[in-house]
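*Asks:*
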Amino acid sequence: MCDEIRLAEEAGRIAAINDEQLPKRTRKPNSKHMNMMNMVAEYIHTTFEDMEPEVIFTLLAGKDMQSQLTLLTTQMSAKAGLKQFGQAGVDAIMKELEQLLYRKVMQGKRANTLTRDQKKAALHYLMFLKQKRCGKIKARGCADGRKQRLYKTKEETSSPTVSIEGLFLTCIIDVLEKRDVATVDIPAAFMQADIDELIHVKLEGETAILLMRIDPTYQQFLTYENGKPVIYAELTKALYGTVQAAMLFWKNLTNFLVNELGFVINPYDFCVANKDIDGKQCTIAWHVDDLKISHASSKVVDSIIHSLSDRYGKETPLSVTRGKVHEYLGMTIDFSNTEFVQFYMHDFVNGILEETPAELLKGIPTTPAATHLFDIDDNAEKLDSEQAITFHHLVAKLLYLCKRARPDLQLAVAFLTTRVQGPDVDDWKKLGRCLTYLRETKDEKLTLGADDLGVIKWWIDASFAVHKDYKSHTGATMSLGRGHPISMSSKQKINTRSSTEAELVGVNDAMSLVLWVRMFLLEQGFEVKDNVIFQDNQSTILLARNGRQSSGKKTRHIEIRYYFITDNISRGTCSVQYCPTEQMIADFFTKPLQGSLFRWMRDKILGKHHIGVTDSQECVGAGASMPTTNDDVDTEDDVDVTHALMVEGKGFFRADKEKESAQQVKEKEFSQTHQCRSYSDVVKSKSFPQRSCQHF
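So the sequence shown is residues 23 to 718, counted in this note's numbering.
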């Protein structure tokens, strides 16, 4: 194979030097290869069919040529589309071309005024047609910006967008301060930003002919190349497909908000801007061309929308949504209740379930993952290519969902994402269980609220050596009073030698989020009194607080970077408190919990129960106690509750030898570090203080 490639390269070089053409390929494509390409095309078609063009090209800006080509195969070219749709296709293309003219995106250039290099560097203007589910024919035009990647850097082409974490936090602030909220969509956003370099585009074939039908003045720029009609034009605006288009619009919008409207950008999220108006804060968060505007006064919101309309709504009016319910970034955001905000993605969930093969939706599981989630059988049969693509597609959609409105799926999805490269029949069944659980809970919502933005609570935990390669798993989650807006569940990047070390690495994994939330809220104008990290491993707490001073023979090898937490504790940017293991909510993101404990923690995370923020409250809130049966009951003794759960077989401890071994390691480390009774003895003797969360 290597010799064949080398000979082909040599033939290509010789042909290029002699200005010759290589013989056309006559061999028919392999049928297996064509089947694979068809499946890939179907996969991408399903993934991107409802996305706006600017979002698609933003996502693909950093991908390679093959990724672009794969996308292009999912829609009909102008020539094929016109044959398929006839006059409806003509009307759709002409409508797409009209906005290039009335927005003055380009101006025609005579071919004889361009140099040979300029013609060679001209970007092809691509036009695609597709039929939407409603039957409407939609045309999408863009420039083929792949040539620009040869000289454009990532910094010139990567555009910021509001983070999901930033969006959640601003929504919590909105409901806490009883703000009026509006969402705005700027039409044809990219084409409202000036281009930053000399770029020519090349319109060919049917597209060139239809352009002349709309504007006959372009006939003077018509030429023919290889018998095909061609029109060259110079861009004056950022056209879809040019790699810098998203960045140029971000700069344009940012400049307008800062220099003309007087907003100040939050340095910890470049797509969140604030301004004090009439003594109250006005906040704008945006993702490409979708803006969320909030202020205590609806009149102030109206004035901001009016200013945006004067700037960006001259040719086409802005799309504005007012009221309590908004569709934003694929989520429904409901501000109907004055105490909390709800997020849900019911249409997206239904779409996933519609695409799911019936064979996967069997049974009625009460949890998204069984206790054997992390178990891998090397001898299990691999999925065929069609099933593997379906597996990858569904896992990708679940990942999108769990990072937004359904954090209760994160642990199962975190494991499934590690299996997309070579899924087997066991992984297929695990995916089926997760999807079936989703079917049974498809109406769940994420409810978020806050008591006091000055107290941030984090629960961070790690499961020791649960993966096949004996790496541990980190879980972290944060709350401001009700629900958990930020959570993470991920496999650790390195192997650790003890549960203490695994938990320390877990804290380090989450520290970027812990510090970012604090800095973000400070820049939003809120005083952060405490940034608490709850830990259930006493040895980890001592290492985190004291660093190498508390390090023994078993922990000396831990790299200094994992004492980053120690430095932040000493500087007052966070603190560490003890939380009993049975109340460690982060266990939800590290272990496949079952039964009533799973439901209790899920309800906490989704915001069905309130979580207190004062020291006098238990770390998981006084509103709901841990269940001993399927029904929640109040209790004053958490240790007895945990014992009851374990007797019923519903506890968080996995009934396998590997997990028992990890628990024994934790007990041994506790007793060796503190020169006292074992951890279990302390729990059994009920010698912990009555208050669940205690400062050390």
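Glycine included, each C-beta is placed from N, C-alpha and C at the ideal position.
In this text, all values refer to a predicted model and were calculated from it rather than measured experimentally.
What residues match up with Gly-730 in a beta bridge as DSSP calls it?
*Replies:* Since the first and last residues shown for the chain are 23 and 718, residue 730 lies out of range.
*Asks:* From Thr-518 to Ile-159, what distance separates their C-alpha atoms?
*Replies:* To locate residue 518, count along the sequence shown from 1; it is residue 496. To locate residue 159, count along the sequence shown from 1; it is residue 137. Going by the C-alpha atoms only, they are around 56 Å apart.
*Asks:* Are there 16 or more other CB atoms within 10 angstroms of the CB of Thr-264, so buried, or fewer, so exposed?
*Replies:* Locating residue 264 in the sequence shown gives position 242, counting from the first residue. Buried is the call here.
*Asks:* For Lys-142, name the three-state secondary structure that DSSP assigns.
*Replies:* As a first step, residue 142 must be located in the sequence shown, where it is residue number 120. Reduced to three states, the DSSP call for Lys-142 is helix.
*Asks:* Three-state secondary structure (DSSP) at Gln-121?
*Replies:* Within the sequence shown, residue 121 is the residue found at index 99, counting from 1. Note: Gln-121 maps to helix in three-state DSSP.
*Asks:* Taking the alpha carbon of Ala-524 as the point to measure from, which residue in Gly-227, Cys-304 and Asn-559 has its own alpha carbon closest?
*Replies:* The residue labelled residue 524 in the question sits at position 502 within the sequence shown. Considering only alpha carbons, the answer is Asn-559.
*Asks:* Counting pairs of Cβ atoms below 8 Å between the stretch 224–233 and the stretch 277–286, do you hit three or more?
*Replies:* Flag = no, the stretch 224–233 and the stretch 277–286 do not touch.
*Asks:* Leaving out the 5 sequence neighbours to the left and right, which residues in its chain are closer than 6 Å to Cys-193 when beta-carbon positions are compared?
*Replies:* Walking along the sequence shown from the start, residue 193 turns up at place 171. Closer than 6 Å at Cβ, skipping near neighbours: Val-363.
*Asks:* Do the CB positions of Gly-454 and Lys-513 come within less than 8 Å of each other?
*Replies:* In the sequence shown, residue 454 corresponds to position 432, counting from 1. In the sequence shown, residue 513 corresponds to position 491, counting from 1. It is not a contact, given that the beta carbons lie outside the stated cut-off.
*Asks:* Pull the bridge partners of Arg-162 from the DSSP assignment, please.
*Replies:* Along the sequence shown, one-based indexing puts residue 162 at 140. Partner(s): Phe-150.
*Asks:* Should the stretch 344–357 be called in touch with the stretch 204–214, which here means at least 3 C-beta pairs below 8 Å?
*Replies:* At 8 Å Cβ cutoff, the stretches touch.
*Asks:* Can you check whether the CB of Ser-509 is closer than 8 Å to the CB of Phe-586?
*Replies:* Within the sequence shown, the letter at position 564 stands for residue 586. Within the sequence shown, the letter at position 487 stands for residue 509. No, these two residues do not count as a Cβ contact at 8 Å.
*Asks:* By the 10 Å Cβ neighbour count, where 16 or more other Cβ atoms means buried, how is Pro-379 classified, buried or exposed?
*Replies:* The sequence position of residue 379 within the sequence shown is 357, counting from 1. Exposed is the call here.
*Asks:* When we look at the beta-carbon of Glu-118 and count the other beta-carbons within 10 Å, is it buried (16 or more) or exposed?
*Replies:* The residue given as residue 118 occupies position 96 in the sequence shown. Glu-118 should be labelled buried.
*Asks:* By DSSP's criteria, Met-510 is part of a beta bridge. Which residues make up the other side?
*Replies:* Within the sequence shown, residue 510 is the residue found at index 488, counting from 1. Ala-498, per the DSSP bridge assignment.
*Asks:* If you run the structure through DSSP and keep just helix, strand and coil, what is Glu-247?
*Replies:* By one-based count along the sequence shown, residue 247 stands at place 225. Strand at Glu-247.
*Asks:* DSSP on Cys-304, reduced to helix/strand/coil?
*Replies:* The count along the sequence shown starts at 1 and reaches residue 304 at position 282. Correct three-state label for Cys-304: strand.
*Asks:* Give the list of continuous alpha helix (DSSP H) stretches no shorter than 4 residues that lie fully inside the stretch 260–310.
*Replies:* The stretch 260–310 contains these whole alpha helix (DSSP H) runs: 267–277.
*Asks:* Could you check whether the stretch 438–456 touches the stretch 520–539, counting it as contact only if at least three pairs of C-beta atoms, one from each stretch, sit closer than 8 Å?
*Replies:* No, the stretch 438–456 does not touch the stretch 520–539.
*Asks:* Could you check whether the stretch 284–295 touches the stretch 331–341, counting it as contact only if at least three pairs of C-beta atoms, one from each stretch, sit closer than 8 Å?
*Replies:* No: fewer than three Cβ pairs fall under 8 Å.
*Asks:* Compute the distance between the beta-carbons of Ile-591 and Ala-566, then report whether it is under 8 Å.
*Replies:* As a working note, residue 591 is residue 569 in the sequence shown. As a working note, residue 566 is residue 544 in the sequence shown. The answer is yes: Cβ separation under 8 Å.
*Asks:* Do you know how far the Cα of Gly-547 is from the Cα of Asn-288?
*Replies:* Indexing the sequence shown from 1 puts residue 288 at position 266. Indexing the sequence shown from 1 puts residue 547 at position 525. Looking at the two C-alpha atoms, the distance is approximately 10 Å.
*Asks:* Unbroken alpha helix (DSSP H) runs of length 4 or more, entirely within the stretch 391–458: which are they?
*Replies:* For the stretch 391–458, whole alpha helix (DSSP H) runs of length 4 or above, ordered along the chain, are 407–424 and 432–439.
*Asks:* Met-213 and Val-127 look like a contact to me (Cβ under 8 Å); what is the Cβ gap, rounded to whole Å?
*Replies:* On the sequence shown, position 191 is the one that residue 213 refers to. On the sequence shown, position 105 is the one that residue 127 refers to. The Cβ separation is near 5 Å, so the contact holds.
*Asks:* Should Glu-187 go down as buried or exposed, given a rule of 16 or more other Cβ atoms within 10 Å for buried?
*Replies:* Translated into positions along the sequence shown, residue 187 becomes position 165. Flag for Glu-187 reads buried.
*Asks:* Express the C-alpha separation of Gly-505 and Lys-50 in angstroms, rounding to a whole number.
*Replies:* By one-based count along the sequence shown, residue 50 stands at place 28. By one-based count along the sequence shown, residue 505 stands at place 483. Note that Lys-50 has pLDDT 45, beneath the 50 cutoff, so the model's placement of it is unreliable and the number below is only indicative. Between Lys-50 and Gly-505, the C-alpha separation is close to 58 Å.
*Asks:* With burial defined as no fewer than 16 other Cβ atoms inside 10 Å of the residue's Cβ, what is the status of Pro-736: buried or exposed?
*Replies:* Here the chain comprises residues numbered 23 to 718, so residue 736 is not present and cannot be evaluated.
*Asks:* Once you ignore the five residues that flank Ile-563 on each side, which residues in its own chain have a CB closer than 7 Å to its CB?
*Replies:* The residue you call residue 563 lines up with position 541 of the sequence shown. The answer, listed in chain order, is Gln-557, Val-598, Tyr-600 and Phe-718.
*Asks:* Which residue wins for smallest C-alpha separation from Phe-542, given the options Glu-256, Ala-255 and Gly-476?
*Replies:* For the purposes of this step, residue 542 is identified with residue 520 of the sequence shown, where counting begins at 1. When only C-alpha atoms are compared, the closest one is Gly-476.
*Asks:* Pick from Thr-343, Arg-125, Ile-217 and Asp-609: whose alpha carbon is nearest that of Phe-486?
*Replies:* Position 464 of the sequence shown, counting from 1, holds the residue named residue 486. Checking every option, the nearest Cα to that of Phe-486 belongs to Asp-609.
*Asks:* Could you tell me if Gly-497 is buried or exposed, where buried requires 16 or more neighbouring beta carbons within 10 angstroms of its beta carbon?
*Replies:* Translated into positions along the sequence shown, residue 497 becomes position 475. Buried, by the Cβ-count rule.
*Asks:* What three-state label does DSSP hand Phe-486 in the structure shown?
*Replies:* Locating residue 486 in the sequence shown gives position 464, counting from the first residue. Correct three-state label for Phe-486: coil.
*Asks:* Can you give me the start and stop residues for the alpha helix (DSSP H) that Lys-101 sits inside?
*Replies:* Taking the first residue of the sequence shown as position 1, residue 101 is located at position 79. It spans 100–107 - the alpha helix (DSSP H) in which Lys-101 sits, taken as one unbroken run.
*Asks:* Based on the DSSP output, what are the partners of Ile-355 in its beta bridges?
*Replies:* Within the sequence shown, the letter at position 333 stands for residue 355. For Ile-355, which the question treats as bridged, DSSP gives the partners His-348 and Phe-365.
*Asks:* For Gln-241, count neighbouring C-beta atoms within 10 Å of its own C-beta (all shown protein chains included) and say buried if the count is 16 or more, exposed if not.
*Replies:* To locate residue 241, count along the sequence shown from 1; it is residue 219. Exposed, because fewer than 16 other Cβ atoms sit within 10 Å of the Cβ of Gln-241.
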